[in-house]
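K.L.:
Residue numbers (full-length UniProt numbering), protein chains in the order written: chain A, 1 to 195; chain B, 1 to 195.
Positions of the beta carbon are idealized from the N, C-alpha and C atoms, including for glycine.
Encoded as C-alpha cells, here's the structure I'll be asking about.
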DNA sequence: ATAGGATGTAAGTATGTACTTACTTGCTAA
DNA sequence: TTAGCAAGTAAGTACATACTTACATCCTAT
C-alpha cells in the first residue's frame with residue numbers, strides 16, 4: 001500500500017489489477033512483473049486480467065498515468081514564520097518520501113527504461129508538485145523573506161534534494177544516515193534569509 | 001563507456017563481458033540483460049560467456065563488485081580557502097554524476113532489486129567515497145572552519161544531496177533544472193561557517 | 001610439425017511468459 | 001424463472017531465454 005498510488009478507479013477488479021501491477025512494476029521491473037503474478041496478487045485469474053486490459057503494457061501504462069502524489073497544497077503557502085513553514089514543508093515531503101521510498105526509487109528508473117509506458121510525458125502529478133514548491137520560494141522572495149540571488153528552482157533542489165539523496169543511499173546501500181530536519185532548515189535558512 | 005565502471009580485468013574477453021554486462025544491467029535491468037545480448041555486445045559468442053562464467057548471476061555479480069568511482073582523493077583534504085575547496089569538490093562530484101547519470105540512476109535501483117548480486121554489502125567503492133567526504137567536513141570542523149552543530153554526515157547529505165536529486169529529476173522526468181554550483185556553495189557556507 | 005587452449009558454429013533441452021480459446025459457474029436484474 | 005454478464009478452470013500456442021553438448025577452427029608455444 002503506497003501513498004503515491006492514488007488510483008481513483010471505481011471498478012474493484014480493475015482497481016486491484018492497477019494497484020498490484022504498479023506494485024510489481026516497482027518491485028520487480030517491467031519484465032519481472034509477470035501477468036500471472038499481477039493477477040494472483042490482485043486476487044483474480046490471469047484470464048480476467050486479459051479480459052480487462054488488452055495486454056500487459058496497456059495495464060501498466062494506465063496504472064502509471066493515474067499516479068498522483070497527495071501533497072497538501074496549503075503547505076505551499078508561506079504563513080509568516082518562515083522557519084516553521086519550511087519545517088512543516090520539509091516534514092511533509094520527508095514523510096511522503098520515507099513512506100514511499102522503495103516505491104519511488106524503484107519505480108522511477110523503470111519508467112526511464114520504458115518511455116512507452118508514459119507517452120504523455122512526465123507524469124503530471126510530479127511536475128505539478130515540483131512547480132508548487134518553486135512557487136513557495138518565489139513568494140518568499142517577493143515578500144522579502146529570502147534573498148533573490150538564487151532562483152526559486154535552485155532553492156527547491158537545495159532544500160529537498162538532500163532528502164531524495166538520503167532515500168537513495170538508504171534504499172540502495174543500506175546507509176542509514178542521520179539527518180536532522182530542524183538543523184537542515186536552520187542551515188538552509190541562515191545562508192539565504194534577508195537582512 | 002562509463003567513468004564509474006573501472007573494472008580492472010587484464011583478460012580482454014572477460015573485461016569486455018564484464019563491461020557489456022554492466023551496461024546492459026543499467027540499460028535494461030537484470031531480466032532484460034540477456035546473455036545473448038551481453039555476449040553480442042562484448043563481441044564474443046554466447047557459449048564463450050558460459051565458458052568464462054558459470055552463469056549470468058556470477059558474471060553480473062562479479063562486474064558489480066569491481067565498480068569503483070575514481071574520485072581524486074586529494075579533493076577530500078581542505079587546503080585553506082574553504083569556499084574554493086568546496087567548489088572544487090562539488091565540481092568534481094557534479095562532473096562525475098553528470099557524466100554517469102544514466103548509469104547511476106538506472107543501475108542503483110536494479111541493485112536494490114537484486115541483493116544477491118552484491119552479497120558483501122554496500123559496494124566498497126561507494127562507501128569509501130562517502131566516508132571520505134564525511135572526513136572532509138569533520139576536518140573542517142576540527143580546524144574551526146565550520147560550526148559543529150551538524151554532524152559531518154549530515155553536511156555531506158546537505159551538500160551533495162541536491163546534485164543527486166538533480167540527476168534523478170533530469171533523468172526520470174526530463175526536468176532540466178538550472179543549478180549554479182557557486183551559489184550552492186555560497187548558500188551552504190553562509191549557513192554553516194564559524195564566526 | 002604439433003599439441004593445447006581459447007574460440008566459433010550448430011543444435012538442442014527445459015522452462016517461463018504473454019496471450020488465446022473453449023467451456024463452466026455463479027450472481028443479478030427483469 | 002431465466003437471460004446475461006463477469007468471473008473461473010483447463011488447456012494450449014508461440015516464442016524467448018538460460019544453459020548444455022558436440023564438433024570444428026585457429027593461434028601460439030614448444
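Could you check which residue in A:182, A:161, A:158 has the C-alpha nearest to that of residue 84 of chain A?
P.N.:
A:182
K.L.:
9 Å is my cut-off, CB to CB: does residue 110 of chain B come that close to chain A?
P.N.:
yes
K.L.:
Counting only C-beta atoms, is residue 130 of chain B closer than 9 Å to chain A at any point?
P.N.:
yes
K.L.:
Could you list which residues in chain A have their beta carbon closer than 7 Å to that of residue 145 of chain B, in chain order?
P.N.:
The contacting residues do not exist; residue 145 of chain B stays about 15 Å from chain A at best.
K.L.:
Where residue 110 of chain A and residue 167 of chain B are concerned, what is the direct C-alpha to C-alpha distance, given to the nearest angstrom?
P.N.:
15 Å
K.L.:
What first and last residue would you give for the alpha helix (DSSP H) that runs through residue 46 of chain A?
P.N.:
46–52
K.L.:
Please classify residue 78 of chain B as buried or exposed, where buried requires at least 16 neighbouring CB atoms within 10 angstroms.
P.N.:
Sixteen is the threshold: when 16 or more other Cβ atoms of the shown chains lie within 10 Å of the Cβ of residue 78 of chain B, as they do, the residue is buried.
K.L.:
If you count every other CB in all the chains shown that lies within 10 Å of the CB of residue 207 of chain A, and 16 or more means buried, which is it?
P.N.:
Beyond the ends of chain A as shown, which are 1 and 195, falls residue 207 of chain A; an answer cannot be given.
K.L.:
How about the region 16–36 of chain B and the region 52–62 of chain B: do they share at least three Cβ pairs that are nearer than 8 Å?
P.N.:
yes
K.L.:
Under the assumption that residue 171 of chain A contacts residue 105 of chain A (Cβ atoms under 8 Å), give the Cβ distance between them as a whole number of angstroms.
P.N.:
5 Å
K.L.:
Rounded to whole angstroms, what is the Cα-Cα separation between residue 23 of chain B and residue 46 of chain B?
P.N.:
17 Å
K.L.:
If we cut at 9 Å on Cβ distances, does residue 179 of chain B have a partner in chain A?
P.N.:
yes
K.L.:
Which residues share a DSSP beta bridge with residue 146 of chain B?
P.N.:
Bridge partners of residue 146 of chain B: B:193.
K.L.:
With the cut-off set at 9 Å, would you say residue 61 of chain B and residue 116 of chain B are in Cβ contact?
P.N.:
yes
K.L.:
Comparing alpha-carbon positions, which option in B:96, B:18, B:76 lies nearest residue 41 of chain B?
P.N.:
B:18
K.L.:
Apply the 10 Å Cβ neighbour rule to residue 178 of chain A and answer buried if 16 or more other Cβ atoms are within range, or exposed otherwise.
P.N.:
exposed
K.L.:
Check the Cβ of residue 31 of chain B against every Cβ in chain A and list those closer than 7 Å, keeping chain order.
P.N.:
Here the neighbours are 29, 31, 32.
K.L.:
Could you tell me how far apart the beta carbons of residue 184 of chain B and residue 90 of chain B are, in whole angstroms, since I believe they sit closer than 8 Å?
P.N.:
7 Å
K.L.:
On a Cα-Cα basis, can you pick out the residue from A:16, A:127, A:86 that is closest to residue 190 of chain A?
P.N.:
The residue with the shortest Cα to Cα distance from residue 190 of chain A is A:86.
K.L.:
Let's see if you can read the secondary structure: which residues bound the alpha helix (DSSP H) around residue 64 of chain A?
P.N.:
56–64
K.L.:
What is the DSSP secondary structure of residue 9 of chain B, counted as helix, strand or coil?
P.N.:
coil
K.L.:
Excluding five sequence neighbours on each side, which residues of the same chain lie with their C-beta closer than 8 Å to the C-beta of residue 162 of chain B?
P.N.:
179, 184
K.L.:
Taking C-beta pairs closer than 7 Å, name the residues in chain B that residue 168 of chain A reaches, listed in chain order.
P.N.:
108, 164
K.L.:
What's the gap between the Cα of residue 127 of chain A and the Cα of residue 165 of chain A?
P.N.:
Their Cα atoms are separated by approximately 19 Å.
K.L.:
Would you say residue 188 of chain A reaches chain B, if we count a Cβ-Cβ gap shorter than 9 Å as a contact?
P.N.:
yes
K.L.:
Assign residue 94 of chain B to one of three DSSP states: helix, strand, or coil.
P.N.:
Residue 94 of chain B sits in a helix when the DSSP states are folded into three classes.
K.L.:
Under a CB-based cut-off of 9 Å, is residue 8 of chain A close to chain B?
P.N.:
no
K.L.:
Just to confirm, is the Cβ distance from residue 169 of chain A to residue 157 of chain B under 9 Å?
P.N.:
yes
K.L.:
Classify residue 38 of chain B as helix, strand or coil using the three-state DSSP reduction.
P.N.:
helix
K.L.:
Since residue 146 of chain A and residue 194 of chain A are thought to touch, with beta carbons under 8 Å apart, how far apart are those beta carbons, to the nearest angstrom?
P.N.:
Contact holds; Cβ gap of about 6 Å.
K.L.:
Please state whether DSSP places residue 85 of chain B in a helix, a strand or coil.
P.N.:
helix
K.L.:
Could you have a look at residue 1 of chain A and say whether DSSP puts it in helix, strand or coil?
P.N.:
At residue 1 of chain A the pLDDT is 46, less than 50, meaning the model places this residue with poor confidence; the figure from the coordinates comes in the next sentence. Residue state, collapsed to three classes: coil.
K.L.:
For the alpha helix (DSSP H) containing residue 207 of chain B, list its first residue and its last residue.
P.N.:
Because chain B is modelled from 1 through 195, residue 207 of chain B falls outside the range shown and cannot be assessed.
K.L.:
Cβ closer than 9 Å: which chain A residues qualify as neighbours of residue 141 of chain B?
P.N.:
Per Cβ cutoff of 9 Å: no residues; residue 141 of chain B is ~13 Å from chain A at best.
K.L.:
Is residue 174 of chain A helix, strand or coil when you go by DSSP?
P.N.:
coil
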